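What follows is a single structure, written as structure tokens, with notes after it.
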Amino acid sequence: MRQKLQSEADAKLRTALENMRYKACTEEDIDFLKTRIVGEHPPNPSLCDPRFHDISIITAWNSQKDRINELGAHRFATDHGQPLIDFFSDDKWAGGDNSMGKAKKNKKQLMHRSNCISQQDQQELWSLSPHTSDHFAGKLQLCVGMPVIIRNNDATELCITKGQEGTVAGWKTSLGSKGQCVLDTLFVTLTTPPTDVQIDGLPLNIVPISKTTKKISVRLENDAVVHIEREQVNILPNFAMTDYSAQGKTRHYNVVDLQHCNNHQSYYTCLSRSASAEGTVIMQAFDRRKITGGASGWLRQEYRMLELLDEITLLKYNNECPEFIQGHRRNSLASLYQQWKGRLYVPCRVPRQIRWNAADPLNIDNGLDNVEWKVVDKKKFLEEKKKVEFINFVPAKGSKPVETTILEKRKAEDELVNPIIKKKTPSSIFGTEMAENQVGLKWDSVNYSCAYDSLFTILFHIWFASPHKWNKHMKHFTEFTDLLLKGFQQTIVSTVSIEEVRDNVRYSLNKYNDENFPLGPSLTSVSELAHTMLGTEQDSFAWIRCENCSAKVPTGKKINHIYCPIVNSASSTADWLTLKWFTQPCNATLCSSCNNIVHGQWQSDTPPKMLMLDIFSQQLSISHQVCVKGNKLNTKLHLKGVIYYKDKHFTSIVIDSLEHVWYHDGMTSPKLVNCNVDLSALSPSMLMSRNGSSACLVIYSRLL
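Numbering of the sequence shown is given in my numbering, commencing with residue -11 and proceeding in unit increments.
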């Protein structure tokens, strides 16, 4: 902890951090931390306070850091009346050789025969945020006096080290291979360096940072990975930094955004940078669950073991430790210490949050401490394992035992009379699994469930096509989607039925709002159900690209997961979305960079991967695909299901990954019925009705 003062608030901050380290914050700690959230009235701090201007914000995500840096650069230039200069990198294709390291399996890799980059590709590379290119920026927007952070250990003896902060003092430039402005040398005034730096010909604490060449991997908007060789000065604007980069720093004014911090350790890292409580500012509300409730068992065990080893070290230093407490491993030392003091003995220096007792003991397993280490031959190990399995095999009574022979690997020329068919993964058997099991929900005749049956059946088959990716994407949308996804996973291993999953979610919704989600023979709105299930907390904000300066101009509106269209000049769902996400000239805004009027189609850094349209009583035909415009690329969403309504009853159709159409009516049969038709054979207008029922909800999703 880095507190420099001893006021009452500093004492509360210190106590909160001590408890936060062990995820054991009390109500008093939470109340104190709330007083450091930005507000309009004291004691809450205000961001209008000049002390917090140009202070780097600690945040959790690199994408947020880059966006804050981009906005901060424009704001700084405007405030100081200086032009913002663009400095571009010099790039060329590097190829996908082993020097770049192994790429992740789920990333596409693009190969190039020539190292020359076209102008169009180069513009796209320059437009990407630094976090997509190993934090080695393609375009730097700088002006004199702007805060920057050094990203490489160029000269440790001159304090030019990774993480060192400073401000821009000047630069030398040249023209690049495409006529762009390129930085040759950037002069940086170091901010509070460990020692003063004096270079001949330069003022005190001003150092030169030359451009360097580096091979990097760049992740494009479509998740493809390309390898380039980039020449650029390795610095970034310093209006934001991640919690990882903030480690080791002491900050007199510490502005933090805790919204997306993963756990209590991340919270602790951010807040423990503060030199005082008065200088600590929390940007917005935080999740108290992440810093209360106690640390996990393994982490608590680790903390306890470290405290025990600290006590042993102190006793040995003071010559107070018995000679028999000797060992080369920490388990040995701790076990011998417990034999001396007893298992329930707790050193006085151990913090109260992790102290152990009879109900919660510190158990140390020392049984494997002296096992001899050896290298295991994997092939021999597997052969021995097979032998043991065959030997221990007991045939069923009355059956003929199998000969216990070990099967050898077949030669390439051996013929297979009865080849073994490998079991396919769920992601590759979507159509097959559907054809065999026809998974659907059975209608509940006591508590009418057709709204839940129709929606959950479609969501299940979307999820089943790629469970791991959809779990990651839909995680924490709402508590109800969490419950639904966990239930889907349980149905795969047959621990619960899909109807039980539906009922669990339904009872939770009823408890949340019994008026909108009643039990018994009452109708539930499928639109209200979809809105509540998906929520709006994860929705991303839209922006428009300025045609004049290429800056991102926020629209202040969200790209949601579900909409209730109002019929306009559009005739289809695809046309309606295009008009919905298009800012008309009458609603246009001004670009904060060049002050020009901007209008056009909305874009999003994180376009939704699932979209629902409530088209009840609307005359919109149902498009097979819709598009959401992302940064440079369009995200295609494919039609995955339509819910129909007639006479207080909901039915649905489901479209699988092969675009086969299946019909579901839980009242007649829980299983899906093959319509024996492909989606391509159904026109958008034909999808508007089914067996006399009218379409009321349309569901699109991306193919993950």
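Even for Gly, the Cβ is constructed at its ideal location relative to N, Cα and C. Computed from a predicted model, the values in this text were never measured in an experiment.
{"Query": "Just grab the DSSP bridge partners of Phe638 for me.", "Result": "Tyr633"}
{"Query": "Give the straight-line distance between the Cα atoms of Thr201 and Ile73, rounded to the nearest whole angstrom.", "Result": "21 Å"}
{"Query": "Exposed or buried, Arg494, counting other C-beta atoms within 10 Å across all chains shown (16 or more means buried)?", "Result": "buried"}
{"Query": "Let me know if Leu646 comes out buried or exposed under the rule of 16 or more other beta-carbons within 10 Å of its beta-carbon.", "Result": "exposed"}
{"Query": "Output yes or no for whether 7 Å exceeds the beta carbon distance between His652 and Leu660.", "Result": "yes"}
{"Query": "Give the DSSP-derived three-state secondary structure of Lys410 in the structure shown.", "Result": "In this prediction, Lys410 scores a pLDDT of 40, lower than 50, which makes its location untrustworthy; no coordinate-derived value is stated."}
{"Query": "To the nearest angstrom, report how far apart Pro542 and Val586 are at their CA atoms.", "Result": "10 Å"}
{"Query": "DSSP state of Gln314, grouped into three classes?", "Result": "coil"}
{"Query": "Assuming Lys237 and Glu217 make a contact with CB atoms under 8 Å, what is their CB distance in whole Å?", "Result": "That belief does not hold up - the Cβ atoms of Lys237 and Glu217 are roughly 32 Å apart, past 8 Å."}
{"Query": "Find out if the Cβ-Cβ distance for the pair Asp54, Pro118 is shorter than 7 Å.", "Result": "yes"}
{"Query": "Comparing alpha-carbon positions, which option in Asp348, Thr566, Gln314, Asp67 lies nearest Pro698?", "Result": "Since the displayed the chain opens at -11 and closes at 692, residue 698 lies outside it and no answer follows."}
{"Query": "Which value, in whole angstroms, describes the spacing of the CA atoms of Ile105 and Trp81?", "Result": "7 Å"}
{"Query": "Under 7 Å, Cβ to Cβ, is there at least one residue of chain C near Thr177?", "Result": "The structure shown has no chain C; it contains just one protein chain."}
{"Query": "Just to confirm before moving on: does the CB-CB distance between Ile197 and Val221 stay below 7 Å?", "Result": "yes"}
{"Query": "Which stretch, first to last residue, makes up the beta strand (DSSP E) that contains His652?", "Result": "648 to 653"}
{"Query": "Please determine if the segment 25 to 39 and the segment 299 to 314 are in contact, where contact requires at least 3 C-beta pairs separated by less than 8 Å.", "Result": "no"}
{"Query": "To the nearest angstrom, report how far apart Lys628 and Val481 are at their CA atoms.", "Result": "24 Å"}
{"Query": "With a CB to CB cut of under 7 Å and the five nearest residues on each side skipped, what residues in its chain are close to Trp328?", "Result": "Pro310, Ile313"}
{"Query": "Going by the CB atoms, is the gap between Leu685 and Asp602 shorter than 7 Å?", "Result": "yes"}
{"Query": "According to DSSP, is Ser442 part of a helix, a strand, or is it coil?", "Result": "helix"}
{"Query": "Can you confirm whether the segment 591 to 600 touches the segment 669 to 677 when touching is taken to mean that 3 or more C-beta pairs between the two stretches lie within less than 8 Å?", "Result": "no"}
{"Query": "Tell me Cys534's beta-bridge partners as DSSP assigns them.", "Result": "In the DSSP output, where bridge partners are listed per residue, Cys534 has none listed."}
{"Query": "In terms of residue numbering, what span does the beta strand (DSSP E) encompassing Cys663 cover?", "Result": "657 to 666"}
{"Query": "Please go through the same chain and pick out, in chain order, the residues whose beta-carbon is closer than 6 Å to the beta-carbon of Lys412, but skip the five residues on each side of it.", "Result": "In this prediction, Lys412 scores a pLDDT of 40, lower than 50, which makes its location untrustworthy; no coordinate-derived value is stated."}
{"Query": "With a threshold of 7 Å on Cβ separation, who are the neighbours of Met293 within its own chain once the five nearest residues in sequence on each side are excluded?", "Result": "Arg318, Ala322"}
{"Query": "Measure the Cβ-Cβ separation of Tyr688 and Val616 and say whether it is below 7 Å.", "Result": "no"}
{"Query": "Should Asp275 go down as buried or exposed, given a rule of 16 or more other Cβ atoms within 10 Å for buried?", "Result": "exposed"}
{"Query": "Can you tell me whether Ile187 is buried or exposed? The criterion is at least 16 other CB atoms within 10 Å of its CB, across all chains shown.", "Result": "exposed"}
{"Query": "As a quick exercise: from Val484, Cys438, Leu565, Phe529, pick the residue whose alpha carbon is nearest that of Phe505.", "Result": "Cys438"}
{"Query": "Identify, in the order they occur along the chain, each residue of the same chain with its Cβ nearer than 6 Å to the Cβ of Leu128, setting aside the five sequence neighbours on each side.", "Result": "Phe75"}
{"Query": "So is the beta-carbon of Tyr291 under 6 Å away from any non-hydrogen atom of the ligand NAP?", "Result": "In the structure on display, the ligand NAP does not appear, and there are no ligands present to speak of."}
{"Query": "Measuring alpha carbon to alpha carbon, tell me which residue in Asn251, Tyr500, Cys258, Lys634 is nearest Thr230.", "Result": "Cys258"}
{"Query": "Can you tell me where the alpha helix (DSSP H) with Ser254 in it begins and where it stops?", "Result": "252 to 259"}
{"Query": "Considering only the beta carbon of each residue, do Pro658 and Gly475 sit closer than 7 Å?", "Result": "no"}
{"Query": "Buried or exposed: which applies to Leu116, given that a residue is buried once 16 or more other Cβ atoms fall within 10 Å of its Cβ?", "Result": "buried"}
{"Query": "Alpha carbons only, please: which of Trp650, Ser605, Ser262 is nearest the one belonging to Lys634?", "Result": "Ser605"}
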